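Structure first, then comments.
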Amino acid sequence: NAGVTQTPKFQVLKTGQSMTLQCAQDMNHNSMYWYRQDPGMGLRLIYYSASEGTTDKGEVPNGYNVSRLNKREFSLRLESAAPSQTSVYFCASSSDRGPWEQYFGPGTRLTVT
Amino acid sequence: AQSVTQLGSHVSVSEGALVLLRCNYSSSVPPYLFWYVQYPNQGLQLLLKYTSAATLVKGINGFEAEFKKSETSFHLTKPSAHMSDAAEYFCAVTSGAGSYQLTFGKGTKLSVIP
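These protein sequence lines are chains A and B, in that order.
Adding 1302 to a residue's 1-based position in the first sequence gives its number in the working numbering.
Adding 3 to a residue's 1-based position in the second sequence gives its number in the working numbering.
And the structure:
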């Protein structure tokens, strides 16, 4: 039981390049989330998916797109990376029944130069 | 909208001393509350959760937290700090009645001095 997995662990991009961050969970959770973590800012929600086939914007969605590929997988795409997107990205999942605690992946450390 | 305030972005304690990390939330409805721990270069791990079953909640690694509705607080404590407790701690609250989204505090980095 791997929980939440993310790939890659590290990535360096040049400004304007694109990439997709992958996330998968094996806990049969309906809800999945993408966060970014920056020093002193805590975790900020980028996008979430309440169930397969639905996605919604979070607090900081600009510059990102997501795809809920199936119940297990939720990907985050940067179409044209900018230095402001340098961050650590976390994927999480939760059941759709209370108390909705979220389980996190190990993160992807992204640097955009 | 919910908000979570963690007092002190950095807290230092001596090994063996009491750990107290503060969390206050704003809520118009009884929330679910959580504490997460993040060790360097790792993801967040659930430490404990409050679900209204009991106001004093025990978690992993000897941590506990007490829900005080009158003070809208959910402070995290541990009687005796260990070097391995050095990490960043996040308080989180459900965003509203029936909501599955969490609102996180900005985190408190705990240093343990030998």
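Idealized CB from N, CA, C, for every residue including glycine.
As the structure is a prediction and not an experimental result, all values here were calculated from the model.
* According to DSSP, is Ser6/B helix, strand or coil? -> DSSP places Ser6/B in strand when its eight states are reduced to three.
* **For Gly1400/A and Tyr35/B, believed in contact at Cβ under 8 Å, the rounded distance** => Rounded, the Cβ-Cβ distance is 6 Å, consistent with contact.
* **Close Cβ partners of Ser76/B (< 6 Å) along its chain, the five nearest in sequence each way excluded** => Apart from the 5 residues on each side of it in sequence, Ser76/B sits with its Cβ closer than 6 Å to the Cβ of Asn27 in its chain, given in chain order.
* Cutoff 9 Å: Lys52/B Cβ touching any chain A Cβ -> Using a Cβ-Cβ cut-off of 9 Å, Lys52/B counts as an interface residue toward chain A, since at least one Cβ of chain A sits closer than that to its own.
* Could you check how far apart the C-beta atoms of Val1414/A and Thr1388/A are, in whole angstroms? I think they sit under 8 Å. => With 8 Å as the limit, Val1414/A and Thr1388/A qualify as a contact, their Cβ atoms being about 5 Å apart.
* To do: Within the segment 1310-1375 of chain A, note down every full beta strand (DSSP E) run reaching 3 residues or more, in order along the chain.
  => For secondary structure counted as the beta strand (DSSP E) over 3 or more consecutive residues, the segment 1310-1375 of chain A holds these complete runs in sequence order: 1312-1315, 1321-1327, 1333-1340, 1344-1351, 1366-1370.
* **Proximity winner among Ala89/B, Thr97/B, Val96/B, relative to Gln41/B (alpha-carbon distances)** => Ranking the options by Cα distance to Gln41/B, first place goes to Ala89/B.
* With 16 other Cβ atoms within 10 Å as the buried cut-off, status of Leu1371/A -> Flag for Leu1371/A reads exposed.
* To do: Could you tell me whether the segment 6-18 of chain B touches the segment 1380-1396 of chain A, where touching means 3 or more Cβ pairs closer than 8 Å?
  => The answer is no - the segment 1380-1396 of chain A does not touch the segment 6-18 of chain B, with fewer than three Cβ pairs under 8 Å.
* Under the rule that 16 or more other beta-carbon atoms within 10 Å means buried, what is Lys81/B, buried or exposed? -> By the neighbour-count criterion, in which 16 or more other beta carbons inside 10 Å mark a residue as buried, Lys81/B falls on the buried side.
* Asked: Based on the DSSP output, what are the partners of Ile116/B in its beta bridges?
  -> According to DSSP, which records beta bridges pairwise, Ile116/B is partnered with Ser17/B.
* Asked: Do the CB positions of Tyr103/B and Trp1402/A come within less than 9 Å of each other?
  -> Their beta carbons are under 9 Å apart, which means Tyr103/B touches Trp1402/A by this criterion.
* Closer than 8 Å: is that where the CB of Thr1388/A sits relative to any heavy atom of the ligand GDP? -> Absent from the structure shown: the ligand GDP. Ligands present: none.
* Chain-ordered residues of the segment 34-45 of chain B with a beta carbon less than 7 Å from chain A -> Here the close residues are Tyr35, Phe37, Gln45.
* Partner residues on chain B for Phe1406/A, Cβ-Cβ distance less than 7 Å -> Listed along the chain, the chain B residues whose CB falls inside 7 Å of the CB of Phe1406/A are Gly46, Leu47.
* **Expected contact under 8 Å - CB spacing of Cys1325/A and Ser1377/A to nearest Å** => Correct: roughly 7 Å between the Cβ atoms.
* Under the three-state DSSP convention, the category Asn1303/A falls into -> Three-state DSSP puts Asn1303/A in coil, outside helix and strand.
* Asked: In the DSSP assignment, what residue or residues form a beta bridge with Thr111/B?
  -> Paired residues: Tyr92/B.
* To do: Could you give the DSSP three-state label for Asn27/B: helix, strand or coil?
  => Here Asn27/B sits in strand by DSSP.
* 7 Å Cβ shell around Leu50/B - same chain, five flanking residues per side excluded -> Correct list, in chain order: Trp38, Tyr39, Val40, Gly62, Ile63, Phe66.
* Asked: What does Ser12/B reach in chain A if we use C-beta pairs closer than 8 Å?
  -> Here the neighbours are Gly1342.
* **Residue range of the unbroken beta strand (DSSP E) whose run includes Ser1396/A** => Per DSSP, Ser1396/A belongs to the beta strand (DSSP E) from 1389-1396.
* Asked: Is the beta carbon of Lys109/B less than 9 Å from the beta carbon of Gly1342/A?
  -> Yes; because the gap between Cβ atoms is below 9 Å, this pair is in contact.
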